[in-house]
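Here the sequence shown stands for residues -14 to 140, numbered as in our numbering.
Comments concern the structure below.
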Amino acid sequence: MTETIGVVGVLVIRVINGETKYLLARRLGRLEHGRFSPPGGHILPGESLKEAGAREALEESSLKIPIDSLEEIYEGIHEFNDQGLSFLYHGFRVLLTEEMGEAQDTEPDKREKWEWCPREITPLSLSAQALLEANRVYEQSAQPKVIRKNYSVDR
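Laid out in structure tokens, this is it:
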């Protein structure tokens, strides 16, 4: 039986010249190599989901995101059958402000440079796919709620 690992992801949103863009970078690791992915990672023991999201965004992109600015939009199981991996994924969105800083490439061994990407960019990681879809639903809803959806893939 595969152990399920708790992880978080943060969809950082910015409006540039009237267009909504998302902070994404191509992954360099064995899992989803070459696919665009948002900042995110493991939840540490004793850490809240929002604390994990803010910490991961800081570690991976140097963005200083206040915990209270994170809005939870997604929760689901992501299974990578070919890798024998399973993640309980919690996703957040945040609208970038000047006070949060500019994204920096702090982990060049794990991903290519951060880019402000349009919604239509491909190929997407499962986490980016889930967060972009949840954000679309969130923005169209009169009463936003957390989207729950599971993914299972062989890549």
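Yeah, the Cβ is synthetic: ideal placement off N, Cα and C, and Gly gets one too.
On a predicted model such as this, the values are computed, not experimentally measured, just so you know.
Between the C-alpha atoms of residue i and residue j, what's the straight-line distance to the nearest angstrom?
| i | j | result |
| --- | --- | --- |
| G19 | C102 | 15 Å |
| L117 | G76 | 10 Å |
| G14 | P24 | 14 Å |
| N2 | R96 | 26 Å |
| E100 | G(-6) | 16 Å |
| G86 | N66 | 37 Å |
| K134 | L73 | 11 Å |
How is residue i classed by DSSP in three states: helix, strand or coil?
| i | result |
| --- | --- |
| G84 | Per the sequence presented here, residue 84 reads as Glu, with Gly not at that position. Note: E84 maps to helix in three-state DSSP. |
| R40 | helix |
| L(-4) | strand |
| V138 | strand |
| V122 | helix |
| A127 | coil |
| S112 | helix |
| E45 | helix |
| L117 | helix |
Please work out which residues of its chain come closer than 7 Å, Cβ to Cβ, to residue i, disregarding the five sequence neighbours upstream and downstream, and give them in chain order.
| i | result |
| --- | --- |
| T91 | E44, E45, S46 and S47 |
| E36 | I52 |
| D139 | N66 and D67 |
Within the same chain, show all residues whose beta-carbon is closer than 6 Å to that of residue i, passing over the 5 residues directly before and after it, in chain order.
| i | result |
| --- | --- |
| L111 | H63 and Y136 |
Flag this pair as yes or no: are the beta carbons of residue i and residue j separated by less than 8 Å?
| i | j | result |
| --- | --- | --- |
| F21 | P93 | no |
| V(-3) | L70 | no |
| R40 | E56 | no |
| Y153 | R104 | Here the chain has residues from -14 to 140 only, and residue 153 is not among them. |
| Y59 | I106 | no |
| I(-10) | H27 | yes |
| A113 | L34 | no |
Legend entry - Within the segment 47 to 103, ranges of the beta strand (DSSP E) (whole runs, at least 3 residues): 56 to 65, 70 to 80 and 100 to 102
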